[in-house]
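So for the sequence shown, my numbering puts the first residue at 3; every next one is plus one. Positions of the beta carbon are idealized from the N, C-alpha and C atoms, including for glycine.
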Amino acid sequence: MRSMDGMSILVTGGGSGIGADCARRFCDQGARVTISGRRLEKLQQVQENIGERCHIVQGDVTRDKDRIEMIRACLEHGEGKLDALLNNAANMYRQPVDQYTEAFLREAFETNVISAMMLSSAAVPHLEKTAGAIVFIGSTHTKRAFPGASPYATTKAALEGLTKVMAAELGPRNIRVGCILPGAVSTELNLRAGLFAADEASERYDAVAGLHALGRIGTGTEVAEGVEYLMRAEWVTGVALEVDGGIGLGVSHF
Ligand SMILES: NC(=O)c1ccc[n+]([C@@H]2O[C@H](COP(=O)([O-])OP(=O)(O)OC[C@H]3O[C@@H](n4cnc5c(N)ncnc54)[C@H](OP(=O)(O)O)[C@@H]3O)[C@@H](O)[C@H]2O)c1
3 MRSMDGMSIL VTGGGSGIGA DCARRFCDQG ARVTISGRRL EKLQQVQENI GERCHIVQGD
63 VTRDKDRIEM IRACLEHGEG KLDALLNNAA NMYRQPVDQY TEAFLREAFE TNVISAMMLS
123 SAAVPHLEKT AGAIVFIGST HTKRAFPGAS PYATTKAALE GLTKVMAAEL GPRNIRVGCI
183 LPGAVSTELN LRAGLFAADE ASERYDAVAG LHALGRIGTG TEVAEGVEYL MRAEWVTGVA
243 LEVDGGIGLG VSHF
């Protein structure tokens, strides 16, 4: 397995939640990590917490010029190279089927799918030089059906399909591609989508804990361990790895 020591890694959406925990774990192992996001103060908080191995670049993944700047900033911080890209930035998009609006669906796919496709495309020439890796963050929403969440679930299903084709296409260029499907982790994701208020979060996550075979929700660091595996394992590509406490099993105590 490759070591993370000395790797240069770009993590989108690194100012909070799973992305911030990935950045922390990778830096702890000697990587130089560039995190991106729209809110500068969130990125700064993570950087202050991690230290100088963590570099920040403010930007919106849906904007082409911002994506180019993310890669440029990562190359600069990473001594001219890029070893791994983590496409983590996303939003929760929920809308009942009979209330779909085209603008909402377009925004969901633009943010959660097309941005990750375009950023990956821009990263290919750099990853080719390092025999690097691209990792997407999917979701257990492709394993368990949550009514109302079809816009989000379909964006995550798209990333799983993308992982396989991209892996086949980029394998001959020695670039590996993988996808992590996390179970529930308490982050800002659902709060930002207005699904519930901050003071309801622990009650909501307690309610979902029992859906996991292991009886609890996960942590961002546990998801980061799965991401790390896909970045380091040199003979693994095209994989959608469930790091989900067993929620994807659909356990039912009949
Ligand atoms: N938490 C869970 O239970 C769970 C389960 C399965 C999968 N996931 C996935 O895990 C990933 C991380 O989510 P999280 O749970 O850690 O939630 P989070 O804390 O809300 O993180 C998402 C990050 O993405 C960034 N982002 C969103 N839109 C962006 C844009 N247009 N441009 C740049 N950055 C953008 C946000 O920062 P700004 O708003 O500052 O830009 C935020 O820091 C997502 O792909 C999510 O779908 C989460």
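- Inter-residue distance for S122 and L197 is about 30 Å (C-alpha atoms, whole angstroms).
- Of all alpha-carbon atoms in L87, E50, T144, the one lying nearest the alpha-carbon of G252 is that of T144.
- Under DSSP, H57 shares a beta bridge with T36.
- Comparing C-alpha distances from G163 to each of I182, E230, G212 shows the shortest one belongs to I182.
- Assignment of T156 by DSSP, reduced to helix, strand and coil, places it in the helix class.
- Around the beta-carbon of T103, fewer than 16 other beta-carbon atoms lie within 10 Å, marking it exposed.
- Across the structure, R74 and A215 are spaced so that their CA atoms are roughly 42 Å apart.
- Annotation for I177: no beta strand (DSSP E) segment contains it, and DSSP assigns it neither H nor E.
- Within the same chain, A211 come within 7 Å of G217 by CB-CB distance, once the 5 residues on both sides are set aside.
- Runs of alpha helix (DSSP H) with 4 or more residues, each lying fully within the region 212 to 251, are found at 222 to 234, listed in chain order.
- Here D66 is exposed, its C-beta having fewer than 16 other C-beta atoms within 10 Å.
- Here Q60 is buried. Its C-beta has 16 or more other C-beta atoms within 10 Å.
- Residues of the same chain with a CB within less than 7 Å of the CB of A25, apart from the 5 flanking positions on each side, are V13, G16, V35, I37, V48, I52, C56 in chain order.
- In this structure, DSSP gives T103 a state outside helix and strand, which the three-state scheme calls coil.
- For L87, the secondary structure class from DSSP, reduced to helix, strand or coil, is strand.
- When only Cα atoms are considered, G82 and P127 end up about 12 Å apart.
- Distance from the CA of D30 to the CA of R108, rounded to the nearest whole angstrom, comes to 37 Å.
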